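To start, the structure under review is shown below, and the notes come after it.
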Amino acid sequence: MTIKAVLFDLDDTLLWDERSVDEAFAATCRTASELTGVDPHKLEEAVRREARALYESLETYPFTQMIGINPFEGLWGNFRKGEAEQFRRLEQLAPVYRKESWTRGLRALGIDDEKLGEKLGEQFPAERRARAYVYEETFEVLDELKGRYQLLLLTNGSPDLQQEKLDGVPRLAPYFDHIMISGNYGYGKPDKRLFREALNLLGIEPEEGVMIGDKLTTDILGANTIGLHSVWINRRNLTADGEIKPRYEIRSLRELRQIIDRIDREKEDLR
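Shown next, in the form of structure tokens:
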């Protein structure tokens with residue numbers, strides 16, 4: 003059977019989320035530096051550290067782990083959508099979490115100023131929302147694939163936050179026949195149930211689909227578990243030295259069509 007569908011992860015696969023977050027931190031920490039003289043790089047390190055620790059202490063942490071919402075998404079998400087009751091709790095906790103993360107980061111550098119922590123906690127979401135980046139090859143590759151294959155976007159996260167990311171790049175969503183956000187299902191990648199739902203939507207068998215993503219522990223593990231062809235987009239030249247092994251590895255999305263053609267040739271040779 004030839005490849006009929008291509009499944010894409012969103013963050014750091016099609017959207018350059020890491021750059022957006024890094025720049026939002028840099029801009030917010032510059033404000034703090036201008037107001038207090040604090041070293042912006044040390045502040046960013048402190049806030050990231052404090053945000054992670056606080057995030058892991060919240061009662062919602064197991065849920066966010068399951069859905070796939072990271073600490074830095076908590077620093078700008080509103081969590082107003084999603085049927086699960088835990089989203090309502092996240093909605094309540096988010097403003098306090100933002101303020102406290104920045105306040106604790108400042109305090110770690112000797113600045114005890116809750117009002118400034120609150121100000122920075124409000125600035126960071128605005129800075130992040132102002133920065134929506136895609137990789138330079140994203141639309142080129144989607145143009146090449148659209149019409150040849152069914153395309154499905156499979157992303158972990160909060161429904162409203164992931165939708166905001168898509169809204170920030172209006173050209174992106176129309177490429178996809180289906181868009182699946184884990185928060186709408188109650189479980190995230192690598193859960194088999196999410197991948198089975200994707201296959202049902204596409205009407206394909208696992209060997210007829212290719213999954214592309216940047217995270218071994220979610221995208222690749224989930225694809226491997228259910229039998230999809232897994233393609234790891236490894237732009238940072240990391241090493242897959244653990245138990246999770248991608249079937250294929252690429253550095254750029256431009257290599258994807260070669261991988262699909264290779265899979266089809268190998269299947270043809272087996273006939």
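If you count the sequence shown from 1, you need to add 2 to reach the numbering used here.
The C-beta atom is built at its ideal place from N, Cα and C for all residues, glycine as well.
Treat the numbers as computed from the prediction; the structure is a model and nothing was measured.
The alpha-carbon separation between E46 and F27 amounts to approximately 6 Å. Straight-line spacing of the CA atoms in A128 and N80 works out to 12 Å. At the C-beta level, L230 and V212 come within 8 Å of one another.
Within the same chain, and ignoring the five residues on either side of E251 in sequence, the residues whose Cβ sits closer than 6 Å to its Cβ are W234 and N236. Taking C-beta atoms under 8 Å as the contact rule, Y177 and L153 qualify, at a distance of about 6 Å.
The C-alpha of E257 lies about 21 Å from the C-alpha of T157. If you check the CB distance, T62 and R91 come in under 8 Å.
The alpha-carbon separation between F141 and T33 amounts to approximately 34 Å.
Under DSSP, M182 shares a beta bridge with L156. Under the rule that a run must span 3 or more residues, the beta strand (DSSP E) segments found entirely inside the segment 189-257 read 211-215, 231-235 and 250-252. According to DSSP, F10 shares a beta bridge with L155 and I214. Remark: C-beta atoms of E146 and R259 approach each other more closely than 8 Å. The Cβ atoms of E75 and L155 do not sit closer than 8 Å to each other.
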